[in-house]
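Residue numbers (full-length UniProt numbering): 1 to 442.
Below is one structure, written out as structure tokens, with a few remarks after it.
Rendered as structure tokens:
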């Protein structure tokens, strides 16, 4: 009876999404109205994030069981979304997502898939970790089709989707999955680990990858700085500033966040609040030329505001960690090439042999093409120097290598040596092309 009543409510009040360019001079305005459930705000923000839309302003209200949000968005170049097909796609994507959420009685975001096997890993971070993992996966006949790895506060988390090298399908044999799990666990464990690494191998279903990475690092308590790093925490322009205060007259807790603006920032903060079991009743988001400001009026899912200073401090630490996870510092390297088996292993081996440490990475393959993005520093966490960039250029033997925004690291396009010529031909046979570096935007 309850299910039938819920269906009736949804049928009477379907989600309503209005997308237009007339209400604001500088941005496309998206207005969303829907019956509210815990997680509705996150699902809408997730759609905007996955479409690579930049949220310049947002107004959130979800009192009395009804959800109404207004988002001002642009493309990555700061322009309105003009294409009619794109506008319609945005509208339908949000309507379908919210309708799907309000129709579910199970966990939010579960998407069954038999196309690939999902591998989730958490453990201590160290130089060369992704290189070791990708080499083992190649030896095991696992073809990496996409994935992402984040590092924060000496911890690492990865969600990697693989297929069988031979069949191109998900790996489902229990014995083989057990072997994969054992060998990758040993890599994550390394020589020592102050926390036991965690691992999951599944061919059934996964949560949204960005959300899952937040959940994994949160579960690994990456928001707790190691004692040796406590002295490194100091106020700076790059560090997010989070405050949590009582609002007793309205029976809410007020959370304010100031940080450098960057892509997907709104998703990261809303995701963390949602998974910490807080509900955003009202909120305002404003981004300036560099800084982003967010203000949320929240309560716990039980309807009560935060009741202790310890809980307030925990929210501060967790939101700071959520912002820092994706804001990896370092040089951004983008590799675009024809996909092939073992490509990730070869790329990461080159980085490791040249003393580069991967702080964050995103692996994508589509229609036979690979597009891999890496944020790298040297092993000490310092910026990559121009000699290292030149050395990588020599080894790969490509002239199409650019460092945008940092002239000191711009490639000089030197004449190829015999060694680089031989290495280029080795990669040419493996369809390695178009190695490009761009400056980090974080």
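A virtual CB, placed ideally from N, CA and C, is assigned to each residue, including glycine.
Residue i: CB within 8 Å of a non-hydrogen atom of the ligand FMN
i           : result
residue 217 : Only the bare structure without any ligand can be found here, which leaves the ligand FMN out of the picture.
Paired residues, beta bridge with residue i - DSSP
i           : result
residue 163 : 143
residue 363 : 147 and 372
residue 199 : 121
residue 57  : 72 and 286
residue 247 : 252
residue 278 : 300
Residue i: first and last residue of the uninterrupted beta strand (DSSP E) it sits in
i           : result
residue 72  : 66 to 74
residue 300 : 291 to 300
residue 49  : Careful: residue 49 lies outside any beta strand (DSSP E), inside the alpha helix (DSSP H) at 40 to 50.
residue 31  : 28 to 35
DSSP three-state assignment for residue i, whether helix, strand or coil
i           : result
residue 342 : coil
residue 352 : helix
residue 239 : coil
residue 155 : strand
residue 271 : helix
residue 421 : Caution is warranted here: a pLDDT of 38 is assigned to residue 421, below 50, making its placement in the model unreliable, and the coordinate value is therefore given only provisionally. Residue 421 falls in the helix class under three-state DSSP.
residue 209 : helix
residue 378 : strand
residue 259 : strand
residue 171 : coil
residue 358 : strand
residue 384 : coil
residue 264 : coil
residue 189 : helix
residue 78  : coil
residue 116 : coil
residue 390 : helix
residue 218 : helix
residue 63  : helix
residue 306 : coil
residue 128 : coil
residue 135 : helix
residue 225 : coil
residue 91  : helix
residue 182 : helix
residue 25  : coil
Residue range of the alpha helix (DSSP H) that includes residue i
i           : result
residue 326 : 309 to 326
residue 16  : Premise fails: residue 16 lies in the beta strand (DSSP E), 16 to 20, not in any alpha helix (DSSP H).
Residue-chain proximity (residue i, chain B), Cβ-Cβ < 9 Å
i          : result
residue 38 : You won't find chain B in this structure, because it holds only one protein chain.
Quiz item: Does the count of Cβ pairs from the segment 68 to 82 and the segment 50 to 58 closer than 8 Å reach three?
Solution: Three or more beta-carbon pairs separated by less than 8 Å link the segment 68 to 82 to the segment 50 to 58, which places the two stretches in contact.
Quiz item: Between the segment 341 to 350 and the segment 125 to 135, do at least 3 Cβ pairs fall closer than 8 Å?
Solution: With the cut-off at 8 Å, the segment 341 to 350 and the segment 125 to 135 touch.
Quiz item: Is the segment 268 to 285 touching the segment 59 to 69 in the sense that three or more CB pairs, one from each, lie closer than 8 Å?
Solution: Taking 8 Å as the limit for Cβ pairs, the verdict is that the segment 268 to 285 does touch the segment 59 to 69.
Quiz item: Are three or more beta carbon pairs between the segment 211 to 227 and the segment 266 to 283 nearer than 8 Å?
Solution: Per the Cβ contact rule, the segment 211 to 227 is in contact with the segment 266 to 283 (3 or more Cβ pairs under 8 Å).
Quiz item: Do three or more CB pairs link the segment 19 to 30 to the segment 83 to 92 at distances below 8 Å?
Solution: With a cut-off of 8 Å, the segment 83 to 92 and the segment 19 to 30 count as touching, because enough Cβ pairs lie within range.
Exercise. Say whether the segment 348 to 362 touches the segment 298 to 310, bearing in mind that this needs 3 or more beta-carbon pairs closer than 8 Å, one atom from each stretch.
Key: In short, these stretches do not touch, since the Cβ pair count stays below three.
Quiz item: Taking one C-beta from the segment 136 to 155 and one from the segment 180 to 191 each time, how about it: are there three or more such pairs within less than 8 Å?
Solution: Yes, the segment 136 to 155 is in contact with the segment 180 to 191.
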